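**Q** Can you keep this structure in mind? I'll have questions shortly.
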Amino acid sequence: MKKSQLVLVSLLVAVAFVATATLASAAPIVIKFSHVVAENTPKGQMANKFKELVEKRLPGKVVVEVFPNSQLFGDDNVLEAMLLGDVQLAAPALSKFEKYTSSLQIFDLPFLFKDMAAVERFQQSEDGQKMLSSMKKKGLIGLGYLHNGLKQLSSSSPLRVPADAAGKKFRIMTSDVLAAQFEAVDAMPLKKPFSEVFTLLQTKAIDGQENTWSNIYSKKFYEVQPYITESNHGVLDYLVVTSSEFWMGLPDDIRAEVKKSLDEAIAFGNDVSEKKAIEDRQKIIDSKRSEVIELTDAERQQWVEAMKPVWKQFENAIGKDYIEAAAASN
Ligand code: SIN
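Residue numbers for the sequence shown follow this note's numbering, beginning at 1 and rising by one.
So this is what it looks like as structure tokens:
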């Protein structure tokens, strides 16, 4: 080969090398966001808004893949998958972190918050913000709280007073506080993933469950539960969570944009949650598939008195100061 040909070949090889390296370095960061609810819920809409914002702000740099309806991971394995790097974002209900931290159990205490404004005040307080990093040592970081709303009790028979729940089986999320809450009214709690609830209700393997208006509506629980007691007895909110390894491994400028988009998506999701609680409740009433039972003050007081001793039971695990601070947010 002549010297000029050799120079040309070397040049071509160098160009090819640079092109390959450039292409490789330009591969976008993929964020898989896994959740268990439908797309028309506060969390579903928040996840889709996050994708829209991130991909608009970081075109070609970050791609967000959203997997709703337990398509990728369910409640029982999403956090393990996150620690293995198989999923980067999720927003499990606060009740589902028991294995990783006891402080978030505070949100399961029955009748602790009188409304969502009190929940918001506590989450944004110094104590609430401290809880976001309560799982750091376990490799998980809370990036923000997202609202769904207050829980109602659905059942195959009318529930007006605690005695009506005695002996009945209720599906609960994986939380010992929720188990204690149902045991306090002599009911039988069963920890089961969200994806199984409809079938359990339909086949009458369980008598009832607790959930928000948007989950009861979007997952059609009201079609297989003839009674819903408007108890507002607890809160079902979420923690948007990621792994420390993924989060700290992001370039600083990308991490800042992703966080900004997430904060905006959460604010959007919180607005959706407020509207959905009203709209989906009304859709259920209009469907006439399920009767919504409104409690009198005296009936509600019976539930409060029966369930409130659960606070004391978990005082040591959660922290008395936290419980007092949360109660003060009312
Ligand atoms: C969710 O809203 O993410 C699921 C709630 C549940 O498991 O009941």
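Even glycine gets a Cβ: it sits at the ideal position worked out from N, Cα and C.
Just so you know, these numbers come straight off a predicted model, no measurement behind them.
(1) Can you tell me whether Leu79 sits near the ligand SIN, meaning its C-beta is under 7 Å from at least one heavy atom of the ligand?
(2) Quick one: give me the first and last residue of the alpha helix (DSSP H) that Ser218 is part of.
(3) Among Asn40, Val30 and Val36, which has the Cα closest to the Cα of Tyr217?
(4) Given a threshold of 16 other Cβ atoms within 10 Å of its Cβ, counted over all protein chains shown, does Asp252 qualify as buried or as exposed?
(5) Output the distance between the C-alpha atoms of Tyr322 and Val177, rounded to the nearest integer angstrom.
(6) Apply the 10 Å Cβ neighbour rule to Thr199 and answer buried if 16 or more other Cβ atoms are within range, or exposed otherwise.
(7) Please work out which residues of its chain come closer than 6 Å, Cβ to Cβ, to Ala118, disregarding the five sequence neighbours upstream and downstream, and give them in chain order.
(8) Using a threshold of 7 Å, is the CB atom of Lys308 nearer than that to any non-hydrogen atom of the ligand SIN?
(9) Going by C-alpha to C-alpha distance, which of Leu159, Ala91 and Ile206 sits closest to Val185?
(10) Between the beta-carbon of Ser261 and the beta-carbon of His147, is there less than 8 Å?
(11) Go through its chain and collect everything with a Cβ distance to Pro162's Cβ below 7 Å, but skip five positions before and after it.
(12) Taking the beta carbon of Met248 as the centre, do at least 16 other beta carbons fall within 10 Å, making it buried, or is it exposed?
(13) Would you report the Cα separation of Phe17 and Pro28, rounded to the nearest angstrom?
(14) Return the bridge partner residues of Met188 from the DSSP annotation.
(15) Go through its chain and collect everything with a Cβ distance to Lys96's Cβ below 7 Å, but skip five positions before and after it.
(16) Measuring only the C-alpha atoms, how far is Pro309 from Ala179?
(17) Less than 8 Å between the beta carbons of Val235 and Lys219, yes or no?
(18) Between Met201 and Gln181, is the Cβ-Cβ spacing less than 8 Å?
(19) Could you give the distance in angstroms between the alpha-carbon of Gln45 and the alpha-carbon of Ile228?
(20) Cα separation between Asn283 and Asp115?
(21) Could you pull out every unbroken alpha helix (DSSP H) segment of at least 4 residues lying fully inside the segment 14-98, listed in chain order?
(22) Let me know the secondary structure DSSP gives Thr203 once reduced to three states.
(23) Beta-carbon within less than 7 Å of Val87's beta-carbon, same chain only, minus the 5 sequence neighbours each way: which residues are those?
(24) Relative to the alpha-carbon of Lys204, which residue among Thr242, Ala265, Ser157 and Leu239 has its alpha-carbon at the smallest distance?
(25) Helix, strand or coil: how does DSSP classify Ser243 here?
(26) Check whether the Cβ of Lys43 sits closer than 7 Å to any heavy atom of the ligand SIN, and report yes or no.
(27) With respect to 7 Å, is the separation between the Cβ of Ala38 and the closest non-hydrogen atom of the ligand SIN below this value?
(28) If we count the other Cβ atoms within 10 Å of its Cβ and call it buried at 16 or more, is Ser133 buried or exposed?
(29) Going by DSSP, what residues sit across from Asp237 in a beta bridge?
**A** Straight from the coordinates:
(1) Mapped onto the sequence shown, residue 79 falls at position 79. Not so, every heavy atom of the ligand SIN lies at least 7 Å from the Cβ.
(2) Residue numbering aside, residue 218 sits at position 218 when the sequence shown is read from its first letter. Element bounds for Ser218: Trp213 to Ser218.
(3) Against the sequence shown, residue 217 aligns to sequence position 217. Answer by Cα proximity: Asn40.
(4) Here the question's residue 252 lines up with position 252 in the sequence shown. Asp252 should be labelled exposed.
(5) Within the sequence shown, numbered from 1, the residue matching residue 322 stands at position 322. Within the sequence shown, numbered from 1, the residue matching residue 177 stands at position 177. Computed Cα separation, rounded: 15 Å.
(6) Counting from one through the sequence shown, the residue named residue 199 turns up at place 199. Counting Cβ neighbours within 10 Å, Thr199 comes out exposed, since fewer than 16 surround it.
(7) Start at 1 with the first residue of the sequence shown, and residue 118 comes out as number 118. Excluding positions up to five away in sequence, the list reads Ser329 and Asn330.
(8) The residue you call residue 308 lines up with position 308 of the sequence shown. No, the Cβ of Lys308 stays beyond 7 Å of every heavy atom of the ligand SIN.
(9) Against the sequence shown, residue 185 aligns to sequence position 185. Considering only alpha carbons, the answer is Leu159.
(10) Within the sequence shown, residue 261 is the residue found at index 261, counting from 1. Within the sequence shown, residue 147 is the residue found at index 147, counting from 1. It is not a contact, given that the beta carbons lie outside the stated cut-off.
(11) On the sequence shown, position 162 is the one that residue 162 refers to. Here the set comprises Val185, Gln302, Trp303 and Ala306.
(12) As a position in the sequence shown, residue 248 is number 248, starting the count at 1. By the neighbour-count rule (16 or more Cβ atoms within 10 Å), Met248 is not buried but exposed.
(13) Translated into the one-based positions of the sequence shown, residue 17 becomes position 17. Translated into the one-based positions of the sequence shown, residue 28 becomes position 28. Note that Phe17 scores 47 on pLDDT, short of 50, meaning its location in the model is unreliable; the coordinates nonetheless yield the value given after this. Approximately 19 Å, taken between the alpha carbons.
(14) Counting from 1 along the sequence shown, the entry for residue 188 is found at position 188. Looking at the DSSP assignment, Met188 forms a beta bridge with Lys169.
(15) Mapped onto the sequence shown, residue 96 falls at position 96. Cβ neighbours of Lys96 beyond the five flanking positions: Asp75, Met173 and Thr174.
(16) Residue mapping note: residue 309 aligns to position 309 of the sequence shown, counting from 1. Residue mapping note: residue 179 aligns to position 179 of the sequence shown, counting from 1. Cα-Cα distance, rounded: 13 Å.
(17) Sequence index remark: in the sequence shown, residue 235 carries index 235 (1-based). Sequence index remark: in the sequence shown, residue 219 carries index 219 (1-based). Contact flag unset, no.
(18) The residue labelled residue 201 in the question sits at position 201 within the sequence shown. The residue labelled residue 181 in the question sits at position 181 within the sequence shown. The amino acid occupying residue 201 in the given sequence is Leu; Met does not appear at that position. Their beta carbons are not under 8 Å apart, which means Leu201 does not touch Gln181 by this criterion.
(19) As a working note, residue 45 is residue 45 in the sequence shown. As a working note, residue 228 is residue 228 in the sequence shown. Gln45 and Ile228: Cα-Cα distance of roughly 25 Å.
(20) Stepping through the sequence shown from its first residue, residue 283 is reached at position 283. Stepping through the sequence shown from its first residue, residue 115 is reached at position 115. Note that residue 283 is Lys in the sequence shown, not Asn. Spanning the two alpha carbons is a distance of roughly 21 Å.
(21) 42-57 and 78-83
(22) Taking the first residue of the sequence shown as position 1, residue 203 is located at position 203. Of the three classes helix, strand and coil, the one that applies to Thr203 here is coil, per DSSP.
(23) The sequence position of residue 87 within the sequence shown is 87, counting from 1. Answer for Val87: Lys32, Ser34, Leu72, Phe73, Val78 and Ala81, listed in chain order.
(24) For this step, residue 204 is matched to residue 204 along the sequence shown. When each option's Cα is compared against that of Lys204, the closest is Ser157.
(25) For the purposes of this step, residue 243 is identified with residue 243 of the sequence shown, where counting begins at 1. Three-state result, Ser243: strand.
(26) Residue numbering aside, residue 43 sits at position 43 when the sequence shown is read from its first letter. Yes, the beta carbon of Lys43 sits closer than 7 Å to at least one heavy atom of the ligand SIN.
(27) Stepping through the sequence shown from its first residue, residue 38 is reached at position 38. Because no heavy atom of the ligand SIN lies under 7 Å away, the Cβ of Ala38 does not count as near it: no.
(28) The residue labelled residue 133 in the question sits at position 133 within the sequence shown. Flag for Ser133 reads exposed.
(29) The residue labelled residue 237 in the question sits at position 237 within the sequence shown. Asp237 pairs with His147.
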